[in-house]
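Just so you know, the protein sequences line up as chains A and B, in that order. With positions in the first sequence counted from 1, the corresponding number in the numbering used here is that position plus 16. With positions in the second sequence counted from 1, the corresponding number in the numbering used here is that position plus 296. Ideal Cβ positions, reconstructed from N, Cα and C, are used throughout, including at glycine. Only one structure is covered here, and it is reproduced in the block below.
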Amino acid sequence: MYQAETPADLLKKKRKLPGSRSSWTRVASTVFLLGTTSLLTDISSEMVSAMLPLYLLVALRFSPFQVGVMDGLYQGATVLVRVMSGLVADRWRRPKQVAAVGYGLSAVCKLGLLIASSSWTAIAGVMLLDRVGKGIRTAPRDAMIAASSQPEQLATAFGVHRAMDTAGAMIGPLLAVAILSIAPEQYDAIFVVSFCVALIGLAVIVLFVDNPADRAVDESEDGSSVSQAAVSLRSMIALLWQAEFRTLIIVGSALALVTVSDSLLYLVLRQRMTIPNGLFPLLYVVTALMFMIFAIPAGWLADRIGHKPVFFLGYGLLAGAYGILLVLQMNYLTAVLMLILLGSYYAATDGVFMAMASRVLPTHLRTTGLALLTTGTGLARLLASTLYGIVWSWFGAERALMIFIGGLVAVLLLAWPTVQRVLEN
Amino acid sequence: MSASSNNVKKLVFLLITLLCVVVAVLYTRFAARTANVTVGNLASAPTVQSLSVVPLGSPSANPPAHSQREPLQRPLVSPLASRSDNPAPPSHELGGQSQAKPHLVALNLRDSAELGKVTLSALDAVDGPRTTINLRCEKIYFAAHKGICLSREIRGFSARTVATLVDANFQPLSSVRTDGIPTRARISPDGRYAAFTVFVSGHSYADAQMSTATLLLDAAAGASLGNLEEFKVLQDGNVIKSLDFNYWGVTFQHDSNFFYATLRTGGVNYLVHGDIKAKTVTVTYRGVECPSLSPDESRIAFKKMISRGNWRLTVLNLTTFEEIPLAETRSVDDQAEWLDNDHVLYTRLEPAAPPPGMSIMVVSADGSGQAKLFAKGAASPAVVR
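Okay, here's the thing in structure tokens:
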């Protein structure tokens, strides 16, 4: 049985925090602690992944084919693990421990890279484990953010977490560049520093984060208590039949399917204007910076005016970014404008979508539900990249982008009334 | 939770953090010191990993990073240039072997101590003794007393190509740097122009998202003439415009104002005929990659894509546009070089040999016979007639 939060629940919680308004300073300390762990872990993993292709191609003299295979591993690895970890976390009611295992695995992998040195299979294996770690930790972490936040500031809480997470993703590559400039071609140093940073992040979650207590609510409200047996494969499948959740998963995946991956978008941009190689990483930095800056305001806005309008506005911004790329004469000004839109799209959709889902998911299956959701969108994104690659080589970059904009607008127009209807009821 | 257990946790956290920071800082400092030692060692015993240009006769204490510190565009005509302008045949007394007769300039992949260095050998004895020049390249081309050597340098996270023009004695004259990984290089038969191609994104011609840049150099006056993408593209008398022009594999005519190259746009590869003074290229034919013009200028040897990552070495007749697939059945990813009007040289990967296992092969230009080994453990052939 499913226990979505009823208006009565909301009222009750509101009473606990009298006069609480959505303000990011009132976000639970757990969210900040989880944000700190994410920040440190992202510094750790981004400093490695930013220079990994170079390390493989230049230091280890891998062929581009091998690097390509590795990229594929990167993307595909997390899918199965996510759902598994979601089920385990829900069944044991130990999202913290499951997330910590994920963080720990990724930390150990940094040491693994140091040992794997020049064997292709060893490195591929270690990177696979690293991604598995990411797959394990994501859903329990998001479920904990949801559980430790007041419903009326759910989106703000996710915004705070995403801002911290993205900050880490920006600091990581910078730290790697700094290390490489102090110690040229000493990739070992990057792995060691990366491991150390990850370890601090792991310490934060292990020592200071507690499993959320809101599970007790289910039992006290129901009387019948949601038994551990209620969390099973069958209950997961039943979850897919819940109208609100099913709508979200379908809409999220459909939108992901018409989203061009960032790296492909940057390649299109590169065809439209000359960008020196040295400046290329800046594209990622500007996008991430905008994501970071707007994550909290977008969350705050979503808590004020509703999650749906902000979520759809986000995809509108994305369509705008594609439009700029397609229609305007590209120069540094228009390129920055495009990146601002792209970053704001992430800010308005990433955390907000999780907040929307957290609201419709029953508490005892929240981790599983979030895992299913990210699995669906992740697979759709993977498919979209492949699709875009194919359409690009058939019709050229421009027409491919036009097709994707068309798809995006169509999905948005179809999704809006559906989401409206289902979530209103 | 009791206050004391909270304090213990904070203490543990502080300890872990302190330990991690100390380890990270110490290790980075240690690595920085190792890096300096390694750079010092490289100077006397260069490895393949640093394919930087080591000028002939430079003191061995010169660190390999030497070329990186050069200004972006050194004054192109150095005092050495006057020597190469000398119409007298180049002396090439290097190693005591006379190179006045036709010879092969290539890169050595045979002797591991000299990996990537330029070698000279007589055309009739390519597997015999080779004269090794103290110049490391990833691509070399040589014509009319001038050579172009492509090497790469790593800057932060990106690779740059250094194109160094050298004189008849392989002394560097000037160098041009551009973002990307080196792939093709040519000098016009009269030594007036040079052209080279780099991968800006992607790493091979099999990569769907690959993007190239081809730069034209005025080898005599010493100036970059810019990217071929700035040229006007003519097709059936109309100017065509697109966002996705990619050029590679320039081959010059004897009248060096004219050249052929590959232009990819909209996923199709075209053979284009270029005019340097007019700054135009004209679409001539479809499906040609990495053209190489025969000495009599009647045919073009090129790689024809069979499927992604699989190319058949083919000769195109420029009058009849008849295509003759050559006898080499293995995939060839190289810009061929004509040995004479009847034979074509190319570099072929040898999967069995340890990396970078490559050999120069020769095959008949009329489709007959079979591919034969020309120079074992060598790459990037240039025939100097």
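Buried versus exposed, by CB contacts within 10 Å (16 or more), residue i
i              : result
residue 527(B) : buried
residue 386(B) : Note that residue 386(B) has pLDDT 41, beneath the 50 cutoff, so the model's placement of it is unreliable and no number is given.
residue 436(A) : exposed
residue 364(A) : buried
residue 52(A)  : buried
residue 551(B) : exposed
residue 96(A)  : exposed
residue 253(A) : exposed
residue 348(A) : exposed
residue 637(B) : exposed
residue 448(B) : buried
residue 376(A) : buried
residue 544(B) : buried
residue 502(A) : It is not possible to answer for residue 502(A), since the shown part of chain A is limited to 17 through 441.
residue 398(B) : exposed
residue 607(B) : buried
residue 156(A) : buried
Integer-rounded CB distance, given that residue j should sit under 8 Å from residue i
i              : j              : result
residue 65(A)  : residue 126(A) : The pair is not a contact, with the Cβ atoms about 11 Å apart (cut-off 8 Å).
residue 413(B) : residue 430(B) : 7 Å
residue 548(B) : residue 541(B) : About 20 Å separates the two Cβ atoms, so there is no contact after all.
residue 524(B) : residue 481(B) : Not quite, the Cβ-Cβ distance comes to about 14 Å (not below 8 Å), so this is no contact.
residue 122(A) : residue 44(A)  : 24 Å between Cβ atoms; not a contact.
residue 369(A) : residue 327(A) : 6 Å
residue 358(A) : residue 303(A) : 5 Å
residue 106(A) : residue 181(A) : Their Cβ separation, rounded to whole angstroms, is 23 Å, which puts residue 106(A) and residue 181(A) out of contact at 8 Å.
residue 308(A) : residue 183(A) : 5 Å
residue 117(A) : residue 152(A) : 6 Å
Alpha carbon of residue i to alpha carbon of residue j, nearest angstrom
i              : j              : result
residue 437(B) : residue 677(B) : 7 Å
residue 414(A) : residue 284(A) : 8 Å
residue 323(A) : residue 197(A) : 44 Å
residue 445(B) : residue 296(A) : 26 Å
residue 428(A) : residue 333(A) : 12 Å
residue 303(B) : residue 149(A) : 30 Å
residue 291(A) : residue 276(A) : 20 Å
residue 396(A) : residue 258(A) : 21 Å
residue 299(B) : residue 387(A) : 35 Å
residue 354(B) : residue 421(B) : Model confidence at residue 354(B) stands at a pLDDT of 33, short of 50, so the residue's coordinates are unreliable and nothing is read from them.
residue 229(A) : residue 321(B) : 39 Å
residue 514(B) : residue 495(B) : 21 Å
residue 314(B) : residue 214(A) : 13 Å
residue 42(A)  : residue 320(A) : 15 Å
residue 323(B) : residue 306(A) : 34 Å
residue 356(A) : residue 158(A) : 25 Å
residue 562(B) : residue 536(B) : 12 Å
Cut-off 7 Å between Cβ atoms - residues of its own chain near residue i, not counting five sequence neighbours on either side
i              : result
residue 389(A) : 264, 265, 268 and 373
residue 655(B) : 644, 646, 669, 671, 672, 673 and 674
residue 309(B) : none
residue 138(A) : 132
residue 195(A) : 205, 206 and 209
Cut-off 6 Å between Cβ atoms - residues of its own chain near residue i, not counting five sequence neighbours on either side
i              : result
residue 611(B) : 595, 597, 620 and 661
residue 67(A)  : 192
residue 393(A) : 268, 269 and 272
residue 274(A) : 420, 423, 424 and 427
residue 415(B) : 402, 404, 426 and 428
residue 516(B) : 488
residue 299(A) : 282
residue 417(B) : 400 and 426
Pick from the options that is closest to residue i, judged by C-alpha positions
i              : options                           : result
residue 207(A) : 327(B), 681(B), 599(B) and 663(B) : 327(B)
residue 458(B) : 435(B), 467(B) and 465(B)         : 435(B)
residue 632(B) : 591(B), 305(B) and 329(B)         : 591(B)
residue 261(A) : 168(A), 382(A), 420(A) and 404(A) : 382(A)
residue 316(A) : 301(A), 229(A) and 367(A)         : 367(A)
residue 465(B) : 401(B), 625(B), 534(B) and 405(B) : 401(B)
residue 581(B) : 618(B), 606(B) and 593(B)         : 618(B)
residue 493(B) : 316(B), 475(B) and 615(B)         : 475(B)
residue 560(B) : 615(B), 306(B) and 586(B)         : 586(B)
residue 128(A) : 154(A), 380(A) and 146(A)         : 146(A)
Neighbour flag for residue i against chain C, beta carbons, 8 Å
i              : result
residue 205(A) : Note that chain C does not occur in the displayed structure, where the protein chains are A and B.
Residues of its chain near residue i, where Cβ-Cβ distance is below 8 Å and the 5 sequence neighbours each way are ignored
i              : result
residue 576(B) : 527, 528, 529, 530 and 570
residue 384(B) : The pLDDT assigned to residue 384(B) is 37, lower than 50, so where the model puts this residue is not dependable; a value taken from the coordinates is nonetheless given after this. If we look at residue 384(B) and ignore the five residues flanking it on each side, it has no Cβ neighbours.
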